[in-house]
Amino acid sequence: MVPEKLTFSPLSRRQIEADFSGGHITSDAGLLLLREVDNQHQLTQRLATVLDDTRNPVLVRHKLQTMIRQRVFGVAAGYEDLNDHETLRADQALQTATGEEAILAGKSTLCRMEQRVDRQAVVKAHELLWHHFIEQHETPPKEIVLDFDGTDVPVHGDQPGKFFNAYYDHHCYFPLYVFCGRHLLVSYLRTSNRSDSRHSWAILALLVKFIRQYWPDTRIVFRGDSGFYRPRLLSWCDRNNVDYLVGISKNSRLLKEVDVPSMLVRRAHGELGEKVSATYRFQYQARTWKHPRWVIARLEEGELGANPRFIVSSRYDDGVKLYYEQYCARGDMENRIKDQQLCLFADRTSSTRWWTNQWRLLLSGFAYTLFERLRAHLKKTPFERMSASNLRLKLIKVGAVIIRNTRRIRVLMSDAYPYKDELSDLVRRLVPG
1 MVPEKLTFSP LSRRQIEADF SGGHITSDAG LLLLREVDNQ HQLTQRLATV LDDTRNPVLV
61 RHKLQTMIRQ RVFGVAAGYE DLNDHETLRA DQALQTATGE EAILAGKSTL CRMEQRVDRQ
121 AVVKAHELLW HHFIEQHETP PKEIVLDFDG TDVPVHGDQP GKFFNAYYDH HCYFPLYVFC
181 GRHLLVSYLR TSNRSDSRHS WAILALLVKF IRQYWPDTRI VFRGDSGFYR PRLLSWCDRN
241 NVDYLVGISK NSRLLKEVDV PSMLVRRAHG ELGEKVSATY RFQYQARTWK HPRWVIARLE
301 EGELGANPRF IVSSRYDDGV KLYYEQYCAR GDMENRIKDQ QLCLFADRTS STRWWTNQWR
361 LLLSGFAYTL FERLRAHLKK TPFERMSASN LRLKLIKVGA VIIRNTRRIR VLMSDAYPYK
421 DELSDLVRRL VPG
C-alpha cells in the first residue's frame with residue numbers, strides 16, 4: 001500500500017512533502033536510561049513481588065514484572081492514563097525498556113492487574129521503599145530528618161471515601177507524604193474528613209522501629225507544620241528518643257510570652273521603615289503537657305503588621321538556627337510533592353476501588369524514585385538539580401528511529417539533539433565498560 005502523501009505550503013521554491021513511511025519512530029528513547037537504573041536497583045522487579053499473580057501460568061501472555069515496568073515507565077515518560085497504553089503498547093522504545101520485543105499489555109489487562117491490589121500489597125510496597133532507602137547509605141548517618149506533610153488530590157467522580165474539604169473548597173483525598181531529604185518513604189492515601197495528623201503517629205512509629213533495626217545509633221528528627229502538632233505524639237517522641245521540630249498555632253498565652261520582644265521588633269520596624277524579623281526562644285508548658293518544652297517564636301513586623309510564628313522543639317539550640325536553618329528547610333519537601341502531583345500524576349485517583357487509587361499513588365512514587373536514582377548519576381552536571389519534569393523533557397523525551405533485527409536493536413537519535421554529549425557521558429556512567 002502506497003503511504004498517503006501530505007503536501008505543505010512550499011519554502012521558497014522547494015515543495016514540502018510528508019508521508020508515514022519513516023518506520024518506527026519514538027519520542028521516548030530516553031526510557032533506556034531508566035531501564036539501566038532499574039536494572040541496577042531492581043525496583044520494578046521487587047515491586048512485582050508484592051502482588052499475588054493468580055492467573056493460570058499456561059494462559060499468561062504478559063508477565064507481572066513487565067506490566068509493572070510498563071506502568072512505572074509510562075508514568076515517568078508522561079503518560080498518565082491506562083488509555084494511553086492502547087497505542088503506547090506498540091512503542092518499541094517502551095518495549096525495549098521493559099525487556100520485551102512484542103506488543104505490551106493493553107489498558108484492560110493493566111486495569112485488571114491494578115484491581116487486584118489489596119492492603120497487604122500496599123504495605124509491602126512501602127517496606128520496599130524503606131529497604132531501598134537504607135540501601136542507598138554505605139554507612140549509617142548520624143542524623144536523619146523525617147518530613148511529614150499532606151496535600152489535596154481533587155476527586156471528581158464517585159470514588160470511595162470522597163469528602164468535601166472546606167479548606168481546599170472541593171471534594172478530595174488527602175494523602176500523607178513522608179520524605180527523608182529527597183528519598184520518598186511514604187505516600188499514603190487518606191480521606192479528607194480528618195486532620196492533617198491522621199495516622200501520622202502510627203506511621204512515624206513504624207518508620208522509627210524499622211530504621212532502628214539497621215541504624216540503632218542514628219538520631220531521628222520528626223518535622224512537620226502545625227497540622228502535626230499533637231501533645232500525645234510529642235510525648236511519644238520524648239519517650240522513644242525521637243527529636244522533633246513541629247509548628248504550633250499561636251494562642252493568647254504564646255502571644256503574651258512574646259509581648260516584650262514583639263514590641264522591640266515593632267519599634268525597629270518603625271525606625272528602619274522596612275520588614276524586621278527576629279527569633280525568641282523560651283520555655284512553655286501547655287495545659288496538656290506534662291513538662292515544659294522549648295518554643296521558638298519567629299517575630300516579624302512589616303507593612304501588613306505583625307506576623308508571629310511558633311514552633312516547639314525538643315532541642316536546646318540557637319533560635320535562628322532552629323527556625324531558619326532547620327525548620328524552614330522543610331519547605332524543600334513541597335518541591336518533592338509537586339514532582340509527585342504535577343509531574344508524575346499522583347492525582348490520577350479515578351478508580352472506584354480504594355486500594356487501586358492507593359496503588360496509583362505508589363506507582364507515581366516509584367517513578368519518582370527512579371528519577372532520583374538517575375539523578376545520583378548526574379552529579380556535577382547541569383542536570384543535577386533539575387526537577388523530574390525537566391529531566392523528563394531533556395533526557396527521556398528524545399526522538400529516535402528504532403531499527404530491530406535478529407542481531408541488534410539500533411536507536412538512531414538526531415545529530416541535532418542538544419544534550420548528546422551529556423547523554424553519552426550518562427550512558428557511560430550507567431553502563432561501565
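Note that full-length UniProt numbering numbers the sequence shown so that position 429 is 429, with each residue one more than the last.
For each residue, glycine too, the CB sits at the ideal point set by N, CA and C.
In its chain, beyond the 5 residues on either side, no residue has a beta carbon closer than 6 Å to the beta carbon of Asn39.
Here Trp355 carries a helix assignment [DSSP, helix/strand/coil].
Asn165: member of the beta strand (DSSP E) spanning Phe163 to Asn165, first to last residue. Three or more pairs of CB atoms, one per stretch, sit closer than 8 Å, so the region 105-114 contacts the region 342-360.
Taking C-alpha positions only, Ser252 is separated from Pro308 by approximately 12 Å. Annotation for Ile103: Arg89 and Ala90 place their beta carbon closer than 7 Å to its own, counting only its chain and skipping 5 residues before and after. In the DSSP assignment, His377 falls outside any beta strand (DSSP E), carrying neither H nor E.
Excluding five sequence positions before and after Pro154, the CB atoms of its chain that fall closer than 6 Å to its own CB belong to His170 and Cys172, given in chain order.
Closest in alpha carbon position to Lys250, among Ile296, Trp215 and Gln213, is Ile296. Between the alpha carbons of Gln92 and Arg239 lies a distance of about 56 Å.
Judged by their CB atoms, Gly365 and Leu129 are nearer to each other than the 8 Å cut-off. Taking a C-beta distance under 8 Å as the contact criterion, Val37 and Leu374 qualify as a contact pair. Bounds of the beta strand (DSSP E) holding Cys172 are His170 to Tyr173.
Bridge pairing for Gln283: Trp294 [DSSP]. Taking a cut-off of 8 Å on C-beta distances, the region 324-342 touches the region 140-151, as three or more cross pairs fall below it. Remark: C-beta atoms of Leu361 and Ala346 approach each other more closely than 8 Å. Shown here, Leu51 sits in coil according to DSSP, grouped into three states, outside any helix or strand.
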